[in-house]
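One structure below.
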Amino acid sequence: MSKNTIKVRFAPSPTGELHLGGARTALFNWLFAQRQNGSFFLRIEDTDKERSKTQYTEQIIDSMKWLGLNWKTPVVYQSGRTERYKHYLNILFKNDLCYRCFCSKDELQQSKVDGHFLYPGTCRNLSEHEIKTKLNQGITFTIRIKIGSGKTMFNDLVYGKNVTDHNELDDFIIIRSDGTPTYNFSVVVDDYEMEISHVIRGDDHLSNTSKQIIIYRALGLKPPQFAHLPMILGPDKKRLSKRHGAPGVQSFADQGYFPDGLLNYLALLGWNPKNDDEIFSLTQLSNKFSLKQVQKKGAIWDEQKLHWISGQHMMQKSSKFILDQVRAINPEWGKGSDIAVLIRILDLMKPRCKSLKEVISLSEPFFISPVVFNDGEKARAWPNQKTASNLIGCLKKLEQIAFWNAQQIESEIKQYVSTKSFSLGKIIMPLRLALFGSLNGPSVYDIIEILGKKEVNKRINFALETFSNI
RNA sequence: GGCCCGUUCGUCUAGUGGUUAGGACUCAGGAUUUUCAUUCCUGCAACAGGGGUUCGAUUCCCCUACGGGCUACCA
C-alpha cells in the first residue's frame, strides 16, 4: 500500500525569500500531489549554517501560506536531522564506500587552477596509519563518497533517459569539515526517510541526480522517480534572480495580487493544458496538471502576461469577495459607505485593475474629493469661461432629478445638452474632471450616482471656484 | 576544459513526415464607451544554420552555432 503512495516535497533553502522559480517548483509539486491523490511536504534545507537564516524560513512559510499551497505538517528541517545523516554515513563507512579527505581548501583550489577539474583522489587510499596520524595532528577533514567505475542511468519524467559515466564524476564531498552534510547527501537521506516517491525540482539539479542515485545505491536504497522542471529565466535568458530585479513572492502579496492569478501564470510557464485555455483556478489546474505537458525549455518571465492574467482573475472575482480582500489589507477602505455602494464601486473598478492595491488607489476619488487638477487635463476639459456656465446649467438640471440613478442622470444630461448648441463632450469632460479629478475612470453617470446629489454639488462648486480664480 | 540539457512569431506556447504552421500576451489599426478600462474585429510577426534519410521535412538522424546548467566544504 505505502509503496504506491505518492509523496512529493518542496525543499527550499532559507538563503533568501521565496522567489518565483521556487514558487513554480512548489506549485508543480503541489499540483502533482493533488492530481495523484498524494501528499505534499515542505522541507527546509538549512544545512549551510553560514547562509541559512531563520527569517527567510519564516518568510518562505508565509509566502507558501499566502499562495495557498498547503503542505502536510510538520515542516522538516534538515538542521534537526543530524543523527539520521550520521546513521547513513556509518553505513557507508562500514561498507568502505566513503573516506576522510584531509586536503585543504587551498590545495583543492590549486588543483583546479592547474586544470584538474575533478578531485584527484589524493586521500582515497590513505592507510590506517596515515589517517590516524593526521587525526592526531588535528587536521580537519571532509568525507567523500567513493565512486566506483560504471554508469548510472535513470529515466527523468520530463527529460527522458539520462546516462552518466562515472569517470565524469569525482569523489564528491558528502560531509563538510564541520560535520554537516552537503546537499547531495542530505537530500538522499531525507527523501528516502520521508518516503518521497517523486522528486520534482529545477533542472539545475539534472546533473546532480546521478550523484544522488549513486548514493542511494551505495546505501542499498531504491531511488525515487525524478522529474526536472525547466528554469524560469530573465530577459537575458539567465536564471531569473534578484539581479533582474525580479521580486519575490512576498512582493506580489504586498501589492495585492491574487495568489491564484500568480499561480495561474506560473503554471503556464513551462506547462500547458494541451488546449487554448489560459485562465484557471487552482482547482482547475490541479485537475489538469500532468508532467507530460511540461516543457523542456526555459521560459522567460513576462510581467505583461502576468498583469493580463491577474486582470482576468480580478474580473472573475465577485465584488463581495474583492471587498473582503480589500478590507483585509485596509480595514478603513470605504468606511462610512453602504456595502451596496462599495460593491457598486468594485463592479466598476474590477475591469481596470490587476491588483488590490490598484483597486484601492484607482477608487480613491469616490471617497476623497479632488483638490489638485492636472494642467493638461484642465486645458482639455475646461477650455473657456463658457464651460463654467454650461456646468452651472447642468448642475441645476441635476438638482431637479427625482430618481437618482445612472440611467436617469444620463438621460437628463443628454436632454440638457440637446437644448444647447454644444456637444455632450463639452459637459461630460468638465464633469469628469470636477467630480473625479481625472479624465479617466468609470462612466461619469455612474460616478454621479455613486457620489450622490450633495457631493456632486459640492465638488462641482469647488471646481468652479478653483478654475474661476485662475 | 569536461559532461549534460535546450532551440517554433519579441514573449508564453500548440502542432504534424504533406497544415494558408494555430492560440495567447505585447504592439498597431478599427468598433463599442464622446474618457479610461473591459469586450469584439483586423493586422504585424516564428520553425537557429548546414548536411543527410525521404517522393516530401518545422517534424526523424548527424554536425555546427547559440543559450543554459553542473563541474563548491551552495542548494
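So that you can map any letter, position 309 of the first sequence is 289 in this note's numbering, and since no number is skipped, the others follow by simple counting. In this text, a Cβ means the ideal position worked out from N, Cα and C, and glycines have one as well. Predicted model only: the values in this text are computed from it and were never measured.
Suppose you measure from the CA of residue i to the CA of residue j; what does that come to, to the nearest Å?
| i | j | result |
| --- | --- | --- |
| residue 363 | residue 429 | 26 Å |
| residue 82 | residue 120 | 6 Å |
| residue 292 | residue 215 | 24 Å |
| residue 404 | residue 303 | 34 Å |
| residue 37 | residue 25 | 10 Å |
| residue 184 | residue 297 | 37 Å |
| residue 135 | residue 152 | 23 Å |
| residue 436 | residue 400 | 22 Å |
| residue 380 | residue 397 | 15 Å |
| residue 427 | residue 233 | 30 Å |
| residue 335 | residue 189 | 40 Å |
| residue 433 | residue 378 | 8 Å |
| residue 58 | residue 27 | 6 Å |
| residue 267 | residue 257 | 13 Å |
| residue 262 | residue 289 | 13 Å |
| residue 8 | residue 219 | 18 Å |
| residue -16 | residue 12 | 15 Å |
| residue 138 | residue 277 | 11 Å |
For residue i, does the three-state DSSP call read helix, strand or coil?
| i | result |
| --- | --- |
| residue 96 | coil |
| residue 21 | strand |
| residue 169 | helix |
| residue -1 | coil |
| residue 81 | strand |
| residue 60 | helix |
| residue 149 | coil |
| residue 410 | helix |
| residue 154 | strand |
| residue 31 | coil |
Where do the N-terminal and C-terminal ends of the alpha helix (DSSP H) with residue i fall, by residue?
| i | result |
| --- | --- |
| residue 448 | 433 to 448 |
| residue 35 | 34 to 47 |
| residue 263 | 262 to 268 |
| residue 113 | 108 to 116 |
What span of residues does the beta strand (DSSP E) with residue i cover, start to end?
| i | result |
| --- | --- |
| residue 353 | Element bounds for residue 353: n/a, residue is neither H nor E. |
| residue 245 | Element bounds for residue 245: not the beta strand (DSSP E) but the alpha helix (DSSP H), 239 to 248. |
| residue 54 | 52 to 57 |
| residue 206 | 205 to 209 |
| residue 133 | 131 to 136 |
| residue 141 | 140 to 145 |
| residue 383 | That residue, residue 383, is in no beta strand (DSSP E); it is neither H nor E in DSSP. |
| residue -13 | -13 to -10 |
| residue 453 | Given that the chain is displayed from residue -19 to residue 450, the structure contains no residue 453 and the question cannot be resolved. |
| residue 125 | 122 to 125 |
Give me the Cβ distance between residue i and residue j, rounded to the nearest whole Å; I'm assuming they're in contact under 8 Å.
| i | j | result |
| --- | --- | --- |
| residue 179 | residue 204 | 5 Å |
| residue 314 | residue 322 | 5 Å |
Return the chain-ordered list of same chain residues with a C-beta closer than 8 Å to the C-beta of residue i, the five sequence neighbours on each side being excluded.
| i | result |
| --- | --- |
| residue 159 | 62 |
| residue 196 | 168, 172, 202, 203 |
| residue 223 | 214 |
| residue 440 | 371, 375, 411, 414, 415 |
| residue 273 | 251, 252, 253, 254 |
| residue 358 | 413, 447 |
Go through its chain and collect everything with a Cβ distance to residue i's Cβ below 7 Å, but skip five positions before and after it.
| i | result |
| --- | --- |
| residue -4 | 36 |
| residue 464 | This structure cannot settle anything about residue 464, because the visible part of the chain is limited to -19 through 450. |
Going by beta carbon distance, what residues of the same chain come within less than 6 Å of residue i, once the five residues before and after it are set aside?
| i | result |
| --- | --- |
| residue 330 | 294, 295 |
| residue -7 | 25 |
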